[in-house]
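The opening position of the sequence shown corresponds to residue 56 in the working numbering, with each subsequent residue numbered one higher. Using N, Cα and C, we set each Cβ at its ideal position, and we do this for glycine too.
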Amino acid sequence: MTTAQTATEAARDHLAALESEAVHIFREVAGEFDRPVILFSGGKDSTLLLHLAIKAFWPAPVPFPLLHVDTGHNFDEVLQFRDHVVSEYGLRLIVAKVQDWIDDGRLQERPDGTRNPLQTQPLLDTIAEHRFDAVFGGARRDEERSRAKERIFSLRNAFGQWDPRRQRPELWNLYNGRHRPGEHVRVFPLSNWTEADVWNYIARENVELPSIYYAHKRKVFRRDGMWLTEGPWGGPRDGEEIRELMVRYRTVGDGSCTGAVESNATTVEEVIAEVQASRLTERGATRADDRLSEAAMEDRKREGYF
Numbered sequence: 056m057t058t059a060q061t062a063t064e065a066a067r068d069h070l071a072a073l074e075s076e077a078v079h080i081f082r083e084v085a086g087e088f089d090r091p092v093i094l095f096s097g098g099k100d101s102t103l104l105l106h107l108a109i110k111a112f113w114p115a116p117v118p119f120p121l122l123h124v125d126t127g128h129n130f131d132e133v134l135q136f137r138d139h140v141v142s143e144y145g146l147r148l149i150v151a152k153v154q155d156w157i158d159d160g161r162l163q164e165r166p167d168g169t170r171n172p173l174q175t176q177p178l179l180d181t182i183a184e185h186r187f188d189a190v191f192g193g194a195r196r197d198e199e200r201s202r203a204k205e206r207i208f209s210l211r212n213a214f215g216q217w218d219p220r221r222q223r224p225e226l227w228n229l230y231n232g233r234h235r236p237g238e239h240v241r242v243f244p245l246s247n248w249t250e251a252d253v254w255n256y257i258a259r260e261n262v263e264l265p266s267i268y269y270a271h272k273r274k275v276f277r278r279d280g281m282w283l284t285e286g287p288w289g290g291p292r293d294g295e296e297i298r299e300l301m302v303r304y305r306t307v308g309d310g311s312c313t314g315a316v317e318s319n320a321t322t323v324e325e326v327i328a329e330v331q332a333s334r335l336t337e338r339g340a341t342r343a344d345d346r347l348s349e350a351a352m353e354d355r356k357r358e359g360y361f
């Protein structure tokens with residue numbers, strides 16, 4: 056066996072191990088909790104999460120509903136893909152719209168126009184309303200520093216808040232889901248995956264994604280070192296020139312703070328090569344809300360964010 060063949064086999068074994076771990080986590084939650092839900096936005100990580108959930112329970116349907124906290128500033132391609140997936144697999148989708156919280160006065164628009172930080176309250180209110188006791192998220196430990204502090208099972212108190220000091224050990228892949236009434240557990244089956252793992256698995260499984268993840272021509276403008284696109288969130292401002300470039304998105308979220316990267320990667324294989332050559336995580340490179348401070352994400356997670 057050549058060195059290249061050995062490396063290929065090792066990669067396959069690695070992805071198989073990650074898949075097996077994630078499937079085990081889904082089944083563990085199904086057996087231990089009463090009312091789980093999967094956070095699903097139509098992005099690549101939540102799409103992969105759903106793909107693994109389908110595998111975990113096939114040929115039975117996924118026994119959990121999906122929850123999307125819709126900022127109202129999402130990309131059209133992603134929302135269309137979200138609805139397509141829900142329809143194709145006959146899934147139940149709950150949508151918590153940030154706009155509803157703004158309209159009734161529970162939230163106020165931010166001066167900078169971004170709605171990403173406004174997702175926390177609708178998320179916590181919806182969890183409480185439906186009495187969800189386990190919430191699956193697609194977060195990975197390589198995304199951002201505070202993500203690496205969490206375990207696969209992350210306990211949240213009755214206010215939905217996270218306390219790093221209450222992390223529980225997870226020796227020998229044993230997960231402790233015990234919680235008091237009103238508390239819930241965030242569950243992260245992709246904790247041990249990297250961005251490269253995600254894309255290699257997408258290639259192996261031929262997982263469908265929104266077209267926005269592949270290079271396409273788009274009108275964009277430059278702000279704070281990122282290429283942003285026009286939308287209901289505003290822009291461009293005076294002095295911000297619109298250009299039409301070949302770009303793709305490494306992550307998708309609120310359009311006011313999610314930037315595109317210049318790219319010619321139109322296939323999964325080309326994206327994988329691009330990701331492997333990058334020295335920045337997708338959030339560090341293209342999410343303005345994660346650049347606010349070193350502790351920005353951790354502060355939001357303490358308040359109840361994803």
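- Excluding sequence positions up to five before and after F81, its CB lies within less than 6 Å of the CB of A108, A111, all in the same chain and listed in chain order.
- If the five residues before and after E132 are omitted, its C-beta is found closer than 7 Å to the C-beta atoms of P265, S266, I267, all from its own chain and listed in chain order.
- In the DSSP assignment, K152 falls within the beta strand (DSSP E) that extends over 148-152.
- Here the alpha carbons of H128 and L173 stand approximately 11 Å from one another.
- Just so you know, the alpha carbons of H123 and Q176 end up roughly 13 Å apart.
- The alpha-carbon separation between R186 and V326 amounts to approximately 39 Å.
- With contacts defined as CB atoms closer than 9 Å, N212 and S311 fail to qualify as a contacting pair.
- S96 sits away from G237, with the two beta carbons spaced by 9 Å or more.
- Per the coordinates, the alpha-carbon of K152 lies some 10 Å from the alpha-carbon of D158.
- For P224, the number of other beta carbons within 10 angstroms of its own is below 16, and it is reported as exposed.
- Following the DSSP letters along the chain, one finds E325 inside the alpha helix (DSSP H) bounded by residues 323-332.
- DSSP places K274 in the uninterrupted beta strand (DSSP E) bounded by 271-278.
- Every beta strand (DSSP E) of 3 residues or more that sits fully in the segment 127-175 is shown, in chain order, as 148-152.
- The C-alpha of S333 is placed about 24 Å away from the C-alpha of E64.
- N228 counts as exposed, since fewer than 16 other C-beta atoms from the protein chains shown sit within 10 angstroms of its C-beta.
- For the pair E205 and D197, the Cα-to-Cα distance works out to about 12 Å.
- Counting every other CB atom within 10 Å of its CB across the protein chains shown gives K99 a total of 16 or more, marking it as buried.
- For A189, the uninterrupted beta strand (DSSP E) run begins and ends at 189-191, by DSSP.
- Within the model, the alpha-carbon separation for K274 versus E184 is close to 40 Å.
- DSSP places L335 outside both helix and strand once states are collapsed to three, so it counts as coil.
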